[in-house]
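Peer 1: For the sequence shown, the working numbering gives the first residue as 44, with consecutive numbering after it. Sending over a structure as structure tokens; questions will come in a sec.
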Amino acid sequence: MTPTQRTWLVSDAPFNPGKIYHTETIYTIGNGYMGLRGTFEEGYPNQMVSTLTHGFFNHEKSELVPDLVNLPNPLHFLVEVDGETFSMQTPKIQMLGYKRTLDLKRGVLTREVLWRNQTGNVVKLSFERFAHLGIDHLLVQRVTVRAVLGNPEIKVTAGIDGSQTNEGIDHWAKVEPAHEATTTISVTGTTSQSNYVAAVASALHSDKGTLSYQALDAKTPALISAFTLTEGEAATFVKFSAIHTSRDDADPTAAARGTLINAAASGYDKLLADHEAAWAAYWNDSGIEIEGDEVAQRALRFCTYHVLIAAPRNSERASIGAKTLSGPGYKGHVFWDTELFMVPLLTLTQPKLARNLLMYRYHNLQGARNKAKANNYEGAMFPWESTDTGEETTPSWSHPLPDGTRIRIWTGDSEQHISTDVAYAVLQYWQWTGDEEFFLNQGAEIVLDTAVFWGSRVEYNKDEDRYEISQQIGPDEYHENVNNSAFTNSMVRWHLRQAIEVRDWLIQMHPERATALLGQLKVDETRIHQWRTIIDKMYIPFDKEQGIYEQFDGFFKLKPMSLEHWSPRWANMDWIMGHEETQGYQFIKQADIVMMMALLGEETGSIETRKANWNYYYPLVDHGSSLSPSTHAWVASRLGLSAEAYDMFIYAGSIDLEDLKGNVRDGIHAAASGGVWESVIWGFAGLSLGASGFQFDPKLPAHWKSVKFRFYYKGKQHTATLTQDS
Ligand code: IFM
């Protein structure tokens with residue numbers, strides 16, 4: 044295999060049962076509509092089968108918050124050899140060979156197994172699957188059974204497992220299997236609270252045997268084929284599956300059958316060719332080529348792949364959850380992770396997809412307005428965790444701890460910076476794409492109404508003659524309900540400045556729209572005057588003597604604790620020290636002041652000031668959140684700290700590939716994935732927007748020969764090739 048090929052492939056061999064959860068997650072396939080974990084077709088004890096589609100939430104009565112619903116499993120495929128069902132759970136003497144590979148370039152997952160059954164016949168099984176990148180609703184599987192030794196009797200059973208539920212929670216009010224002779228099987232389910240309907244339908248095509256229908260149980264319809272293979276002979280099965288829901292179609296079952304008919308008419312070869320062409324186009328636009336570092340190249344491709352397969356291509360009503368569609372973590376909820384860590388990649392390389400995600404926030408403005416109102420504020424206050432309704436869906440309490448107690452979760456109340464994060468992504472999208480139609484009709488409204496919220500949220504401290512913001516959680520979630528988070532206050536000040544500029548631009552360039560929108564949002568002269576005063580008098584904790592921001596009021600008074608000697612360590616510091624105790628220490632969960640320096644750059648101070656802040660905060664950071672390392676990589680490279688930048692970049696890129704946090708079981712750390720792209724583009728390449736357009740300030744790791752990537756600026760695609768001499 045050439046080095047180039049290696050950087051496109053993620054594989055494992057031999058089979059390691061101890062890693063099933065990790066590999067299931069990293070081998071997730073998807074196409075922006077559906078995501079399927081890399082579980083085995085034939086099943087495996089305790090494997091976490093997961094078929095998810097964006098926005099398909101249900102709030103089961105027993106649960107605190109809604110959950111993304113696990114759909115009936117279309118991957119189901121059993122192979123019997125002389126009456127013995129193939130399984131990965133067989134002794135070594137039977138499991139003669141195994142290799143699983145995710146081809147990032149083509150978005151195809153394959154598994155090859157050489158298996159001996161108990162009668163001594165040997166078969167080679169080849170499994171392949173892909174979620175079609177050009178056809179949202181279509182999943183394609185191909186299974187080949189080859190007789191390598193002997194003349195085995197083969198039986199294949201391809202079903203849809205309608206008994207699949209979320210872990211310990213059944214979201215279905217009704218699950219109805221059906222079949223049309225041997226043409227299609229389907230399972231249609233209706234959720235218990237949201238009343239969403241999902242239909243999964245499959246059809247099986249083969250060059251061998253005759254199909255028959257059988258219900259494997261009350262919820263699992265299946266198609267079966269039985270035949271004999273002579274030594275050397277192979278039989279190939281193509282299983283098409285379609286997923287439609289009532290979020291997209293009035294009759295999901297009929298729509299799913301229609302998708303299967305179209306797939307059969309196209310045929311496997313054409314479908315695969317179109318799928319590969321769609322991936323080639325994706326990589327052409329979103330890929331980054333690094334010359335001189337295979338490890339970095341593969342990690343970057345892996346991370347980019349996972350953002351791309353999660354980004355909705357054809358919907359404005361869904362966004363990407365913190366764990367994409369690759370696992371149950373955070374129940375599919377959407378956080379700031381999307382806007383600040385994933386949208387930038389899409390804004391510059393797939394602007395249509397970035398727009399879709401921003402439209403999700405626009406369509407959910409009502410939820411944000413409801414939240415502001417419920418808290419006695421004006422404008423739009425985006426929820427910390429968001430689902431299909433746009434209402435706040437952060438649980439207020441944790442699951443019970445081993446001692447039976449539960450922890451109050453404050454992020455839904457106090458991590459208010461999300462409203463500014465959304466505005467940041469909207470403005471960034473507008474500046475890079477120049478998509479005036481979007482900005483005029485939707486984006487400006489988001490920026491302005493979230494500014495209205497902040498105008499009503501800040502507090503005036505009469506004694507100090509300054510504006511403050513109390514009871515916040517900044518990015519560092521180890522310290523809750525703090526006053527005057529430097530990150531939050533700085534971002535709010537920046538946000539209000541931007542909002543005034545947007546308002547001026549509207550009045551100047553689009554007076555009619557200005558009258559309508561400013562009237563609707565009540566952004567009048569009085570409000571603008573108030574915003575200006577807030578900007579002038581916003582308090583941002585800063586120790587002038589040391590030239591260091593105080594992360595929030597009182598942070599410097601907490602017990603100092605350098606994390607230098609706390610390694611190696613898998614556990615986060617709050618887990619070790621306890622939730623309450625952690626609040627008393629000067630160590631932090633993730634980039635906070637460093638995040639502020641990443642987003643606001645020079646506005647946060649001279650290079651000396653930023654270095655001083657880096658030197659203060661870097662030894663304190665736990666990286667207890669996967670969002671942290673990539674942001675550190677970005678800022679370190681801007682500060683010329685190349686060793687730290689590269690360390691942090693590799694850390695971020697390995698979080699999922701190497702399961703560094705031991706929790707990849709729950710799904711891909713999507714923000715870390717997007718952050719890896721950001722650390723190359725904003726960090727190593729130093730791409731930014733200046734007064735006269737885009738500019739570079741490359742600081743490539745010393746062993747990189749070059750970095751090449753494409754990006755869009757105002758509708759035109761540009762190619763950058765940066766070398767050590769650039
Ligand atoms: O949004 C993040 C947060 O910053 C840290 N905790 C996990 C969340 C979801 O990824």
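Cβ coordinates follow ideal geometry from the N, Cα and C atoms, glycine included. What you are looking at is a predicted structure, and each value in this text was computed from that prediction instead of being measured.
Would E196 pass as a contact of R185 if the rule is Cβ separation under 9 Å?
Peer 2: no
Peer 1: Within 10 angstroms of its Cβ, does R575 collect 16 or more other Cβ (buried), or is it exposed?
Peer 2: Within a 10 Å sphere around the beta-carbon of R575 sit fewer than 16 other beta-carbons, which makes this residue exposed.
Peer 1: I need the straight-line Cα distance from E84 to L682, nearest angstrom please.
Peer 2: Rounded to the nearest whole angstrom, the C-alpha separation of E84 and L682 is 49 Å.
Peer 1: With hydrogens ignored, establish whether the beta-carbon of E721 is closer than 8 Å to any heavy atom of the ligand IFM.
Peer 2: no
Peer 1: Could you tell me how far apart the beta carbons of A190 and T273 are, in whole angstroms, since I believe they sit closer than 8 Å?
Peer 2: Approximately 6 Å separates the beta-carbon atoms of A190 and T273; this is inside 8 Å, confirming the contact.
Peer 1: Return the bridge partner residues of L182 from the DSSP annotation.
Peer 2: A174 and S284
Peer 1: Using only the alpha-carbon positions, how far apart do K748 and L765 sit?
Peer 2: 9 Å
Peer 1: Is the separation between the beta-carbon of F384 and that of N407 shorter than 9 Å?
Peer 2: no
Peer 1: With a threshold of 8 Å (Cβ to nearest heavy atom), would S429 be considered close to the ligand IFM?
Peer 2: Taken from the Cβ of S429, every heavy atom of the ligand IFM lies 8 Å or farther away.
Peer 1: Less than 8 Å separating the Cβ of S669 from some heavy atom of the ligand IFM?
Peer 2: yes
Peer 1: May I ask whether a heavy atom of the ligand IFM can be found less than 8 Å away from the beta carbon of D380?
Peer 2: yes
Peer 1: Do the segment 691-702 and the segment 657-673 make contact, defined as three or more Cβ pairs closer than 8 Å?
Peer 2: yes
Peer 1: Is the segment 492-499 in contact with the segment 597-604, if contact means three or more CB pairs nearer than 8 Å?
Peer 2: no
Peer 1: Identify, in the order they occur along the chain, each residue of the same chain with its Cβ nearer than 8 Å to the Cβ of E544, setting aside the five sequence neighbours on each side.
Peer 2: none
Peer 1: Assuming contact is defined by CB atoms lying nearer than 9 Å, are Q626 and Y521 in contact in what I supplied?
Peer 2: yes
Peer 1: Taking the C-alpha atoms as reference points, what is the distance between E624 and T66?
Peer 2: 35 Å
Peer 1: Could I get the ranges of all uninterrupted beta strand (DSSP E) runs contained in the segment 222-263, with 3 residues as the minimum, in chain order?
Peer 2: Within the segment 222-263, the complete beta strand (DSSP E) runs of at least 3 residues are 227-234, 240-249 and 255-260.
Peer 1: Return the residue from the list A423, R500 and L391 that minimises the CA-CA distance to A466.
Peer 2: A423
Peer 1: Output the boundary residues of the alpha helix (DSSP H) element that contains R404.
Peer 2: P394 to H406
Peer 1: For R356, which residues does DSSP report across the bridge?
Peer 2: In the DSSP secondary-structure assignment, R356 is not bridged to any residue.
Peer 1: Distance, Cα to Cα, F280 vs G710?
Peer 2: For F280 and G710, the distance between alpha carbons rounds to 30 Å.
Peer 1: Based on the DSSP output, what are the partners of N101 in its beta bridges?
Peer 2: Looking at the DSSP output, N101 shares a beta bridge with D110.
Peer 1: Which residue marks the beginning of the alpha helix (DSSP H) containing H572, and which one marks its end?
Peer 2: E568 to K580
Peer 1: Quick check on the burial criterion: 16 or more other C-beta atoms within 10 angstroms. Buried or exposed for Q257?
Peer 2: exposed
Peer 1: Does the beta carbon of H675 fall short of 8 Å from some heavy atom of the ligand IFM?
Peer 2: no
Peer 1: What is the rounded straight-line gap between the Cα of Q515 and the Cα of G433?
Peer 2: 21 Å
Peer 1: In chain order, what are the residue ranges of uninterrupted beta strand (DSSP E) at least 3 long that sit wholly in the segment 501-539?
Peer 2: Correct list: 502-504 and 509-511.
Peer 1: Write down every uninterrupted run of the beta strand (DSSP E) in the segment 416-491 whose length is 3 residues or greater and which is fully enclosed by it, in chain order.
Peer 2: none
Peer 1: Is N101 near Q236, with beta carbons less than 9 Å apart?
Peer 2: yes
Peer 1: Looking at the unbroken alpha helix (DSSP H) that takes in E692, where does it start and where does it end?
Peer 2: In the sequence under discussion, the amino acid at residue 692 is Phe, which differs from the Glu named in the question. First-last of the alpha helix (DSSP H) with F692: S685 to S697.
Peer 1: According to DSSP, is R159 part of a helix, a strand, or is it coil?
Peer 2: DSSP places R159 in the strand class (E or B) of the three-state scheme.
Peer 1: Give the range of the alpha helix (DSSP H) segment to which G140 is assigned.
Peer 2: Note, G140: premise wrong, no alpha helix (DSSP H); beta strand (DSSP E) at M138 to D146.
Peer 1: Is the CB-CB distance between L388 and G717 below 9 Å?
Peer 2: Yes, the Cβ-Cβ distance between L388 and G717 is below 9 Å.
Peer 1: L539 and L549 look like a contact to me (Cβ under 8 Å); what is the Cβ gap, rounded to whole Å?
Peer 2: The Cβ separation is near 16 Å, so there is no contact.
Peer 1: Return the residue from the list R300, D110 and Y87 that minimises the CA-CA distance to H97.
Peer 2: D110
Peer 1: Does the separation of the CB atoms of G410 and P438 fall below 9 Å?
Peer 2: no
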